[in-house]
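Visitor: Residue numbers (full-length UniProt numbering): 1 to 174. Below is the structure I would like to discuss, written out as structure tokens.
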């Protein structure tokens, strides 16, 4: 067994691809951003509807160095056993720097905005979605650049989900 780290910007497909890879190999799946969303939900007592919009609040929690260090320490400890797919920003170089497979998923902002709208079950891309993605990209620019240095980059812009998963699986079998 190995560990797989999947990094990338907002709405690049990390979670969707990571879940499918984990299912395919019967690995444990961890979404680091969901950990912060869950903590935020507990703190703010958010409804399920507000959960997806809590990403901005989770981003604020991610600035809490002590909290992030505890989460990262916990993740490093449990992933020593191997057999994990961990997704999120900075997982390839900060949380799982020793992961055997490191993937960075990228995509054009138009595609990422469309994916986020679909995730939120919206018919159209709203200005809020665009602004959120641009805001997240600008805040995590340094993290994105660092992750690209240590990962196999897969541009998912013009790929189907099946194509993306096949490309990741190819990395695993090489």
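The C-beta atom is built at its ideal place from N, Cα and C for all residues, glycine as well.
Tell me the start and end of each unbroken beta strand (DSSP E) in the UniProt domain "Cytidylate kinase" (4–36) that is at least 3 residues and wholly inside, in chain order.
Guide: As far as the UniProt domain "Cytidylate kinase" (4–36) is concerned, its whole beta strand (DSSP E) runs of at least 3 residues are 28–31.
Visitor: Going by other Cβ atoms of all chains shown within 10 Å of its Cβ, with 16 needed for buried, is residue 7 buried or exposed?
Guide: For the purposes of this step, residue 7 is taken as residue 7 along the chain shown, with counting starting at 1. Result: buried.
Visitor: Whole angstroms is fine: what's the gap from residue 86's alpha carbon to residue 152's?
Guide: The count along the chain shown starts at 1 and reaches residue 86 at position 86. The count along the chain shown starts at 1 and reaches residue 152 at position 152. C-alpha separation (whole angstroms): 15 Å.
Visitor: Hey, residue 126 and residue 12 are a contact pair by Cβ (cut 8 Å); roughly how many whole angstroms apart?
Guide: Taking the first residue of the chain shown as 1, we reach residue 126 at position 126. Taking the first residue of the chain shown as 1, we reach residue 12 at position 12. Incorrect: roughly 19 Å between the Cβ atoms, too far for contact.
Visitor: Alpha carbon to alpha carbon, how far is residue 120 from residue 149? Give it in angstroms, no decimals.
Guide: For the purposes of this step, residue 149 is identified with residue 149 of the chain shown, where counting begins at 1. For the purposes of this step, residue 120 is identified with residue 120 of the chain shown, where counting begins at 1. So the two alpha carbons sit approximately 31 Å from each other.
Visitor: Whole angstroms are fine: how far does the CA of residue 9 sit from the CA of residue 77?
Guide: Within the chain shown, numbered from 1, the residue matching residue 77 stands at position 77. Within the chain shown, numbered from 1, the residue matching residue 9 stands at position 9. Residue 77 and residue 9: Cα-Cα distance of roughly 25 Å.
Visitor: Identify the residues that DSSP records as bridge partners of residue 152: which are they?
Guide: For this step, residue 152 is matched to residue 152 along the chain shown. In DSSP, residue 152 forms a bridge with 103.
Visitor: Count the other CB atoms, across all protein chains shown, that sit within 10 Å of the CB of residue 162; report buried if there are 16 or more and exposed otherwise.
Guide: Locating residue 162 in the chain shown gives position 162, counting from the first residue. Per the 10 Å Cβ criterion, exposed.
Visitor: So, under 8 Å CB-CB, residue 175 and residue 35 are touching, yes? Tell me the CB distance rounded to an integer number of Å.
Guide: An answer regarding residue 175 cannot be provided, because it is not within the stretch 1 to 174 covered by the chain.
Visitor: By alpha-carbon positions, which one of 160, 143 and 104 ends up nearest to residue 111?
Guide: Walking along the chain shown from the start, residue 111 turns up at place 111. It is 160 whose Cα lies nearest to the Cα of residue 111.
Visitor: Going straight from the alpha carbon of residue 29 to that of residue 124, what length do you get?
Guide: Position 29 of the chain shown, counted from the first residue, corresponds to residue 29. Position 124 of the chain shown, counted from the first residue, corresponds to residue 124. Using only the alpha carbons, I get a separation of about 30 Å.
Visitor: Based on Cα-Cα distance, which residue from 91, 66 and 174 lies nearest to residue 31?
Guide: By one-based count along the chain shown, residue 31 stands at place 31. Minimum Cα distance to residue 31 is reached at 91.
Visitor: Enumerate in chain order the residues of its own chain whose CB-to-CB distance from residue 93 is below 7 Å, with the five nearest sequence positions on each side excluded.
Guide: By 1-based counting over the chain shown, the position of residue 93 is 93. So the qualifying residues of the chain are 146, 147 and 150.
Visitor: If we ignore side chains and look at the alpha-carbon of each, how far apart do residue 106 and residue 67 end up?
Guide: The residue you call residue 106 lines up with position 106 of the chain shown. The residue you call residue 67 lines up with position 67 of the chain shown. The straight-line gap from Cα to Cα measures roughly 27 Å.
Visitor: From this set, 115, 82 and 73, which residue's C-alpha is nearest residue 95's C-alpha?
Guide: For the purposes of this step, residue 95 is taken as the residue at position 95 of the chain shown. Checked all of 115, 82 and 73; the closest Cα to residue 95 is 73.
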